[in-house]
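Protein chains in written order, with my numbering: chain A, 3 to 311; chain Z, 83 to 457; chain B, 88 to 397; chain R, 27 to 544.
Cβ atoms here follow ideal geometry from the backbone N, Cα and C, with glycine treated the same way.
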Amino acid sequence: PAAAPAAQKQIKIAVIMPSATNDMAFSQSMWSALQSVQKDMGGESALQIAYTDNLFNVPDAAAAIRDYASKGFDIVIAHGSQYGSSVQDIAPDFPNTTFAWGTDVNTFGMKNVYAYTAAAEQGGYVNGVLAAKLTKSKIIGVTGPVEVGDAKTYIDGFVQGVASVDPTIKVNKTWTGSFSDVALMTAAAKTHIQAGADILTGSSQSVVGSIGAAKDAGNVLWFGTQADQASLAPNLVVASQVYDWTAMLKDMIAKRQAGTLGGTVYTLTLSNGGLKIAYNPGYNLPADVKAAGDAAIKGIQDGSITVNP
Amino acid sequence: MQIKKAANKPLSLRRPAFDWSNVVLHFLLPLAGVLAALLIGAVMLIILKADPIAAYAAMVNGAVGSVSGITQSLVKATPLLLVGLGICIAFRANVINIGGEGQIILGALAATWFPLTFNTWPGWLLIPSTLIVGFVAGAIWGFVPGILKARLQVNEILSTIMMNSIAQQLMNLLLRGPLMDPSGIAAGTYLAQSARLPVQVWLPRLVPQTLLHAGAILAVVLAVLVYFFLWRTTIGYRIRAVGLNPDASRYSGINVPFYQALSMTLAGGFAGLAGAIEVIGVQHRLLEGVTSGYGFTGIVAALLGSLHPLGLIPASILFGGLLVGAAQMQRAVQVPSSLIDAILGLVVLFVSGSALWSRRWAARRNMGTEEEEKS
Amino acid sequence: MKDVISLGVLGGILTSMIRLATPFLYAAIGETFAQTSGVVNLGVDGIMLLSAYGAFYVALNTGNLWLALLTAAAIGLLMGLLMSFISVTLKAEQGISGIGLYMFGLGMSSLLFKITIGTVKTIDGFQPVRIPLLGDIPGIGPILFDHSLPVYGAFLLVPIAWWVLDKTTLGLKIKSVGQNPAAADSLGINVDRIRYFSVCLGAVLAGLAGASLSTALVDLFQDNLTAGQGFIAVALVYFGGWNPWGVMGGAFLFSIVNSIQLWMQVIGVKIPSDVAVMLPYLLTIAALMITVNRVRQPAALNKPFERGES
Amino acid sequence: MKPKIQDIKSQRIQHVEMRDIVKRFPGVLANSKVSFDVRAGEIHALLGENGAGKSTLMRQLYGLYQPDEGEIVIDGKPYVFRSPADAIRAGIGMIHQHFMLVPTLTVTQNVALGLRSSREPLLDLDKVTRRIQGLSEAYGLKVDPHAFVWQLSVGEQQRVEIMKALYRGASLIILDEPTAVLTPQEVKDLFATLRRMVQEGHSLVFISHKLHEVMDISDRVTVLRDGKVIGTRPTHKVTRGELVKMMVGRELKEPEPRSLKPGPAALKIEGLKTVGDRGTEALHGIYLEIHSGEILGLAGVSGNGQRELAECLAGMRKATAGRIAIGESDITTFTLNQRIDSGMAYIPEERMRDGAIREFSVEENIYLHDHSFAPYTHGIFLDFSQMASHAIDLVNEYALKTPSLDTPLKNLSGGNIQKLIMARELSRHPKALIAAQPTRGVDIGATEYIHQRLLAQREAGTAILLISEDLDEIRTLSDRIAIIYEGRIVGVVQRGQATIEQIGLMMAGVSMKEAMHG
Ligand SMILES: Nc1ncnc2c1ncn2[C@@H]1O[C@H](COP(=O)(O)OP(=O)(O)OP(=O)(O)O)[C@@H](O)[C@H]1O
Ligand SMILES: Nc1ncnc2c1ncn2[C@@H]1O[C@H](COP(=O)(O)OP(=O)(O)OP(=O)(O)O)[C@@H](O)[C@H]1O
Ligand SMILES: [Mg+2]
Ligand SMILES: [Mg+2]
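Spelled out as structure tokens, the structure:
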């Protein structure tokens, strides 16, 4: 079933996020999804949204989750893997509330808990294929924060994608050990460029630093993930893997109105449309390269290509 | 105060009775500081088109208005109190410990590794040993800057700031390596968190459906113990002597470097204990961001409690309540959470600024009494 | 592995060292003034954040980078006044008020960022300016003399700071106030005024440090942009023994180790990335341990001054 | 450029008056209705016990405190000094009891501090240096402009203080206990300088606890007691006794004649060598034997190894050669604690720095060492009832002026602080006592008391090494006098055997033979 008819009573969703709603990355992806769902459903009257951001402290999160649940919100989204224990503790006390948390794959076997995750490696693979086709220096730079979560899986997928085209291409990786240290991330990116990389990619909110570095260099291309980063360097960003939670959210709402409160795991993939490759219109991608990218997408969708995280 | 006593009966050497008016003094003025900060916060709220009355109502209500609010405040007060106790000890030896963050991390790491490794031990054995291991780990992280200061005159502010970053990286390393949750690896999510700790190591909950755990009680007990330690034992006496006058301490046979290092080690231990208690009391697994900045806010709590272990108890509860109420208010009026940080910053600034007035005030009261005796 | 020793690599390392060192230099030299006068300002990071935001906001909306720097300096000045008022006039415990200032700057910058800019945007910041002749020197030319103006500014700052502290009457007053305020007071020097000045000067420089990040080095603003660099800067002041040249040494050491560890990662040296990231911190401590740095801190550091309390 | 001394001689302050000054501190009336005046070319001495209000009165004249009541009148014009800057401008300078110098700066920098430079904003230290040299000529003040203050002896530091005042053209100069820390020779030099200044038309206020100095140098004397003026007299019209009576309100007893012959050697020092702070050898083999029940006075110009010797004996400094024994037990390698256990007691020279903790209470200071021993501790726990009762006994026995056991030490006067340190050290009934400058800066009442205590301890059979730069003190108290010069004992004389002159000669390095019969 698609979006719920406007006749339905107002739905109330609360979301808790570890970073700012405008981080150009993980939190923002969920935030904008909620916005668009709200628009589709007909605004505030149909869907009420409450949020708490910059919340990485577990007691605070637990308090927020319990608070929202007891305030009668229908769906409480704990948008951060660190919230798992809290959801597990609190969900049983509110059997009529839907809890969704991610990214993880564990519903604790509870009827009112959804878990969701994104197969970041898939988009990573596609980006990798495109990058491999575009690099001239045969050196690609990867800048990440800490080698965990979708920062890791995205990059693993990316490396596989590159290798699938040309195993001889060198992929250099740097980890700055911090999710927020933009200056160091910039220095890392510049180092890659000095080492000959003509294409960069990376994950976490601090990659905006790398994008800046690419801009300074002028001729270095960028591949984004989590959110569409084209706006940051309109003529250098080739494509971004975009997390699109809207479908998932709409499905949760529909299921809830149909009486199902949870119990399943959502995984954003290219096949279910949760992951999208957003080509940057501002960059004119050679047709053959785009074709290769689309082929990769196809292959992943129909399972002829398997990318392991 | 004492000088007054002198004026009416010079050689009676009984201790002056414990002076409650001073306690009030040391508590009312900080509160005034808090209010001043909240007032400015109100202005910001209005600018953000939020109703300040509603907001602060939500704040108070959130902090003390409900069982969950009160327990929340206590849950947050616990690590503040523990870290603060350590800061307090170090400060008495005139050693400034900015290294709380790193020491908390070390305690948390140890308190995660230990129960996961000895997961067959019964709770009555596993819990205390985990707490001890956490304390020791933090203590080691405090000992290093301590000994560097004592033996090589390496400034502790520098070394502790550096040690914080090192601890952070150490945690990254372990969380993506040996400590990473195997199920996360199996599921291909590779999340930066440890496996869930065995249930028997979880600290018992004091109030059902809340996070309030036995650690809170432990913290208060420790506060009292630290008070006795500092003012009733030879070691505490020496720590304070070293802090006030290292030369005279040396001349009276006190091993100054040793007590400097010791105080820093204890400070680290208490921070480590805070980390351990966060893990086995609240999170039940290790997550990045385990410190939640307690290493810094602990310093604030300690100074709010005028560096007195007992003063720390109300101070950390007040500060914990402030944090909880603020979060509650953010949800109530939907202002960006960063506004809260800004307001808290002002609170800290103003409260620290209020100290002078309490001193001046006390002085003026002495004058007053002097006049009376003259007339 | 042969490119490890290639000249290009060396150049790369030095270039990124210079860039990384820039904000440290501004902030740490500023803090040197504050501490020489006897005031520890732990709020540097907060000042950097709010000023970085202010500068970015102005640059984004006016495109005028100089106006941006001015804004950053102004914000620094205001926060410096706040800090001085609390810790000099009200004689607060400096450790605590500094942390308060930090929390305020952190929160305020992210709040204003959210409501006035909304999401991450980038600007065209200060562009590299190649210094005519020097820039053409083969080898070091491009490394040293092809940077943006704020970077040059940071390096000019070091000799200037040394000159002010060592050669001017003002510098003498600042030192004396930090060493023995009672003595300065007994000679009719207004201790509080000198401390106000030093703290505010330090804060203005911290402001420029923030601006150099958001308008010259990364050309954007974002929550917690500094990621604790302000605290490192404070540490570097102790490392440098309250001497501008020493502070510069510290900033260089820290930054070069940082750029080296990035290179090690890029060329795939087999050590865990986290350990690599630790190196600058480890080496800074180690350096202080071996160069047994026994410079005494200003005797009145962290001690509010009150008459008759001698 | 300031005019030459002669030129401004005419425009010097002729008459400074302080009228009915009242100054209150929390809980203390430091000055009540004090009137005081100084004329050009005179030295006006200010006498009074510790805490009488001398420093406070003068700090007001120098603008450091503002009077609560009363006025300051200079040459007929009323002045209000909001800060030292005002006072300096009016031509007043002050040499403080606790020196106001920046140790990490050079002499020149200390003098230049706060002055307009001729090349603002740049310093012009060369010019300052030249004027300093000029002034040292004119007033016979020996100072090395380029030395760092931390390198200077106390006497030199004081000359820098005087230089600062003169450089600023001060015509009235206040000296708060200038001699408390000086050696006899340094006092001579200082007085020469002071007389020189008076000739130049300066007026001086001279605070001291040493009556003979006051009689020697001053033209008029004003005595303060408990913040009130007891009286002002022309010096040549009063006797020491009268002054004492005005200060203390009673006569002082002379120490009564000796009984009791000294017993066996209790403290043995053989060939003791050690290295000083500057890394050079400070003691080149000291031999001394002090018998129980004997006071051995160690005379010498400061900086000849007294401090190093004391620290060696106390265990604060390592001996590089030789041995130290208390009774039969060799304590050369003992730690400080072990020495104390084997009967050593120590009254350090730098009372406030090394002997006590300002912020600690009176009681806490009494246990600075003993706190770790029975009966005051059980295990690691302090036994307060024991401590309190002992503390009360001591406070009463030594007549310590303190409001309560919990009074912070810093609120006690120097004299009382010194009494407390003595009480602490003597209450251990030591076999050997090292007393370094025990009465420095302490008023005569307390001095008399401390002297009696030392003699009592001697009667009790303690071997006492009395290190002092006050020759009178040494000669009144000692059974034998040892003279130290450049780290060697140049002579030991029996009580009353040598004249001040002879001792002075030996202190200047003249060998004992020459000094006694040369
Ligand atoms: N800064 C101060 N705060 C409070 N009380 C003070 C202060 N300075 C002095 N007093 C009080 O004023 C009284 C007089 O002090 P003052 O320093 O004038 O004594 P004094 O005559 O200089 O003693 P001494 O001979 O030891 O130097 C003392 O009893 C002391 O208690
Ligand atoms: N902050 C203070 N509060 C109370 N009394 C004080 C304070 N500062 C100084 N005093 C008192 O002022 C008087 C003079 O102080 P000062 O520092 O001159 O000690 P002092 O008695 O002169 O010792 P000394 O002669 O060894 O210098 C002393 O009685 C001292 O107790
Ligand atoms: Mg005095
Ligand atoms: Mg005195």
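CA-to-CA, the gap between A/Gly-275 and A/Thr-105 works out to about 17 angstroms.
A/Ala-22 and B/Ile-227 have their C-alpha atoms some 42 angstroms from each other. Nearest to Z/Gln-154 by C-alpha distance, out of Z/Ser-241, Z/Asn-246, Z/His-295 and Z/Leu-207, is Z/His-295.
Between ligand 3 and the CB of Z/Gln-412, the shortest heavy atom gap is not smaller than 7 angstroms. Distances from the alpha-carbon of Z/Asn-201 to those of Z/Ile-362, Z/Asp-329, Z/Ser-241 and Z/Thr-271 put Z/Ile-362 closest. Annotated three-state conformation of B/Lys-254 is helix, per DSSP. For the region 126-151 of chain A, the continuous beta strand (DSSP E) assignments of 3+ residues that do not extend past its boundaries occur at 141-146, in sequence order.
The Cβ-Cβ distance between A/Val-244 and A/Trp-224 does not fall below 8 angstroms.
For the 8 angstroms CB-CB criterion, B/Ser-299 and B/Pro-237 form a contact. DSSP, reduced to helix, strand and coil, places R/Gln-444 within a helical segment of the structure shown. In the structure shown, the three-state DSSP call for R/Phe-407 is strand. A check of alpha carbon separations from R/Asp-303 across R/Leu-161, R/Leu-452, R/Leu-178 and R/Ala-486 identifies R/Leu-178 as the nearest. Using a Cβ-Cβ cut-off of 9 angstroms, R/Leu-87 is close to nothing in chain Z; its nearest Cβ partner there is about 23 angstroms away.
Pairing R/Val-274 with Z/Leu-307, the inter-Cα distance amounts to about 49 angstroms. None of the residues of the region 180-205 of chain Z has a beta carbon lying less than 7 angstroms from any beta carbon of chain R.
DSSP assignment within the region 180-207 of chain Z yields the following whole alpha helix (DSSP H) runs of 4 residues or more, N-terminal first: 182-199. A straight-line Cα-Cα distance of about 44 angstroms links R/Gly-77 and Z/Leu-304. Under the criterion of beta carbons closer than 8 angstroms, R/Pro-429 and R/Gln-444 do not qualify as touching, at roughly 18 angstroms.
For R/Ser-109, the chain B residues whose Cβ falls inside 7 angstroms of its Cβ are Gly-275, in order along the chain. With a cutoff of 8 angstroms on beta-carbon distance, B/Val-291 and B/Ala-160 are scored as near each other.
One residue list follows from the rule of a beta carbon closer than 6 angstroms to any heavy atom of ligand 3, given in chain order as R/Lys-80, R/Ser-81, R/Gln-123 and R/Asp-202. If you ignore the 5 residues before and after B/Gln-214, its C-beta comes within less than 8 angstroms of the C-beta of Ser-235, all in its own chain and listed in chain order.
Cβ neighbours of R/Glu-182 within its own chain (closer than 7 angstroms, five residues either side excluded): Val-169.
The C-beta distance from Z/Pro-418 to B/Leu-136 rounds to 15 angstroms, too long to fall under 8 angstroms, and the pair is not in contact. Look at B/Tyr-239 here: in three-state DSSP terms it is helix.
Z/Val-116 and A/Ile-79 have their alpha carbons spaced roughly 34 angstroms apart.
Among the bridge pairs identified by DSSP, R/Val-42 is matched with R/Val-64 and R/Ile-100. Under the Cβ criterion of 8 angstroms, R/Asn-442 is not counted among the residues facing chain Z. Taking the Cβ atoms as the reference, A/Asn-56 lies roughly 12 angstroms from Z/Ser-374, outside the contact range of under 8 angstroms.
When rounded, the separation of the alpha-carbon atoms in B/Leu-168 and B/Leu-193 is 18 angstroms.
Nearest to B/Gly-205 by alpha-carbon distance, out of B/Leu-307, B/Glu-393, B/Asp-132 and B/Gln-348, is B/Leu-307.
Look at the region 193-231 of chain B and you find these whole runs of alpha helix (DSSP H), each 4 residues long or longer: 219-223 and 227-231.
Listed along chain Z are Thr-316, each with a C-beta nearer than 7 angstroms to that of R/Thr-403. Nearest to R/Tyr-393 by alpha-carbon distance, out of R/Met-378, R/Arg-377 and R/Gln-412, is R/Gln-412. For B/Leu-304, the closest Cβ of chain A is nearer than 8 angstroms. Counting along the chain, the unbroken beta strand (DSSP E) around A/Gln-50 starts and ends at 49-54.
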